[in-house]
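In the UniProt record's numbering, the protein residues as written are 1 to 331. Here's the structure we're looking at; comments come further down.
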Amino acid sequence: MESKEIREISLEDLKLYTCNFSNDNLIGNFQFGKVYRGKINGDHHVTVKVWMPQTLYTCFPGDNEIRLQAEFVLLTESRMKSHPNLPKLIGYCRQGQLAVVYDFDPIDTLHNYILRDDFSWLQRIKIALQLACLLQTLHIPPDPFDETNCYIVCNIDAAHFVLDKDCNLVLCDFGMFTGGSLPEINWQNPRRKRCRILSGCYGYIDGFTTRTVGWYPEVDVYAFGVILVGLIAKKVFIVEDEGPYVGRWAIKEFAIRRSVSGTGEKVSLVHQSLEEDEDFEYADGLAATNLAMQCLEFVAHDRIFIDQVVEELLKLHVVRDTLRLWILGRL
1 MESKEIREIS LEDLKLYTCN FSNDNLIGNF QFGKVYRGKI NGDHHVTVKV WMPQTLYTCF
61 PGDNEIRLQA EFVLLTESRM KSHPNLPKLI GYCRQGQLAV VYDFDPIDTL HNYILRDDFS
121 WLQRIKIALQ LACLLQTLHI PPDPFDETNC YIVCNIDAAH FVLDKDCNLV LCDFGMFTGG
181 SLPEINWQNP RRKRCRILSG CYGYIDGFTT RTVGWYPEVD VYAFGVILVG LIAKKVFIVE
241 DEGPYVGRWA IKEFAIRRSV SGTGEKVSLV HQSLEEDEDF EYADGLAATN LAMQCLEFVA
301 HDRIFIDQVV EELLKLHVVR DTLRLWILGR L
């Protein structure tokens with residue numbers, strides 16, 4: 001791996017950046033490791049991602065080295081390295097510890113933020129729009145003559161997104177990315193008998209995927225729907241709690257509320273506390289709920305396209321009002 005902007009970093013330096021990987025600097029877990037806050041020279045805030053052995057998901061020796069190499073390819077691609085919702089890679093470590101260093105000041109994971117009372121309706125919709133726009137970019141194939149070769153995240157999880165100091169979304173895990181300019185890797189291939197197939201992250205797995213072979217953009221659309229429900233209903237899936245998946249809860253709760261209403265009209269899954277937010281409008285709650293349900297359709301080809309998701313989010317009153325104020329402020 002070579003780049004003038006990216007340097008190899010020693011394990012000793014990583015320990016220095018993170019105060020020896022202290023719990024105080026731990027932001028959260030991702031599918032194959034942990035994410036930490038760090039400081040370079042005492043004042044330059046960075047994010048440090050460390051791959052670590054674990055048993056929850058299938059991971060063979062050498063897999064994470066492949067992931068590091070693939071991440072390097074992705075984040076140094078010309079149209080990706082300047083994307084506002086992808087991290088700037090400034091360093092990596094391969095000796096003694098497999099890790100990367102990103103150049104941004106982290107606050108917390110989206111997974112942790114979703115349950116917070118000070119995470120406003122406007123901020124939640126902003127995050128949803130940023131995620132949808134990121135997926136829209138990723139789902140555009142690098143080769144215009146090969147529409148099937150787009151990037152697919154495959155393991156979207158609220159824990160894989162970190163919010164920066166300005167509450168912007170940054171994707172920090174690329175462990176199951178496929179397509180685009182990446183080398184062909186089949187993470188669905190168990191490669192050993194009696195081992196679990198990688199189908200994504202628990203709580204975000206598209207049930208339709210488990211019945212098919214290969215990946216498709218609709219996998220990411222489904223996971224987006226799960227995150228959108230989480231944002232508006234203030235719900236996250238926690239493996240240790242063994243509670244219902246957010247997507248399954250949403251489908252069941254949506255059906256119950258429609259049945260209770262007796263009209264068959266749109267219903268809202270928005271959390272009551274968010275309905276009291278000064279920027280909330282009931283029509284937006286209905287629209288956001290309906291959009292999430294279109295993403296959660298069981299059959300993949302029945303789901304809404306990510307381009308349409310972006311269009312629908314841009315129609316929300318809270319988005320239009322914010323854009324109008326921003327434009328007026330720029331004049």
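Idealized CB from N, CA, C, for every residue including glycine. Computed from a predicted model, the values in this text were never measured in an experiment.
Check: Whole-angstrom distance between Leu14 and Arg7, CA atom to CA atom; Outcome: 13 Å
Check: Coarse secondary structure for Leu89, derived from DSSP in three states; Outcome: strand
Check: Distance CB(Gly175)-CB(Tyr151) smaller than 8 Å; Outcome: no
Check: Under 8 Å between C-beta atoms of Gln304 and Ile227; Outcome: The sequence given here places Ile at residue 304; Gln does not occur at that position. Result no, Cβ atoms of Ile304 and Ile227 do not sit closer than 8 Å.
Check: For Lys15, three-class secondary structure by DSSP; Outcome: helix
Check: Cβ-heavy atom distance, Leu135 to the ligand FAD, below 7 Å; Outcome: The ligand FAD is not part of the structure shown, which contains no ligands of any sort.
Check: Supposed close pair Leu182, Leu74 - CB separation, criterion 8 Å; Outcome: 6 Å
Check: Nearest-angstrom Cα separation, counted from Phe298 out to His139; Outcome: 20 Å
Check: Rounded straight-line distance, which links the Cα of Trp51 to that of Gly203; Outcome: 21 Å
Check: Unbroken beta strand (DSSP E) run spanning His44, endpoints; Outcome: His44 to Trp51
Check: Enclosing beta strand (DSSP E) for Tyr102 [first to last residue]; Outcome: Ala99 to Tyr102
Check: Rounded C-alpha distance that separates Leu291 from Arg116; Outcome: 23 Å
Check: Inter-stretch contact (C-beta, 8 Å, three-pair minimum) for the segment 239-257 and the segment 89-97; Outcome: no
Check: Beta-carbon proximity list for Ile306, same chain, < 8 Å, skipping 5 on both sides; Outcome: Ala132, Leu135, Gln136, His139, Pro217, Asp220, Val221 and Phe224
Check: Identity of the residues DSSP links to Asn29 by a beta bridge; Outcome: Lys34
Check: Best match in Val153, Asp24 and Glu71 for proximity to Asp108 [C-alpha to C-alpha]; Outcome: Asp24
Check: Which listed residue (Ile232, Val318 and Asp166) has its alpha carbon closest to that of Asp105; Outcome: Asp166
Check: Where the beta strand (DSSP E) through Leu169 begins and ends; Outcome: Leu169 to Leu171
Check: Pick from Trp215, Leu274, Asp103 and Glu278 that is closest to Glu5, judged by C-alpha positions; Outcome: Asp103
Check: Residues of its chain near Phe254, where Cβ-Cβ distance is below 8 Å and the 5 sequence neighbours each way are ignored; Outcome: Val267, Leu269, Thr289 and Met293
Check: Pair within 8 Å by beta-carbon distance, Leu286 and Ile251; Outcome: no
Check: Between the CA atoms of Ala283 and Ser120 - distance to the nearest angstrom; Outcome: 17 Å
Check: CB-CB length for Leu110 against Leu56, believed under 8 Å; Outcome: Actually they are not in contact, since the Cβ atoms of Leu110 and Leu56 sit about 19 Å apart, beyond 8 Å.
Check: Cut-off 7 Å between Cβ atoms - residues of its own chain near Asn64, not counting five sequence neighbours on either side; Outcome: Phe32, Trp51 and Leu98
Check: Residue environment, Asp206, which counts as buried when at least 16 other CB atoms sit within 10 Å; Outcome: buried
Check: Cα-Cα separation between Glu265 and Arg258, rounded to whole angstroms; Outcome: 7 Å
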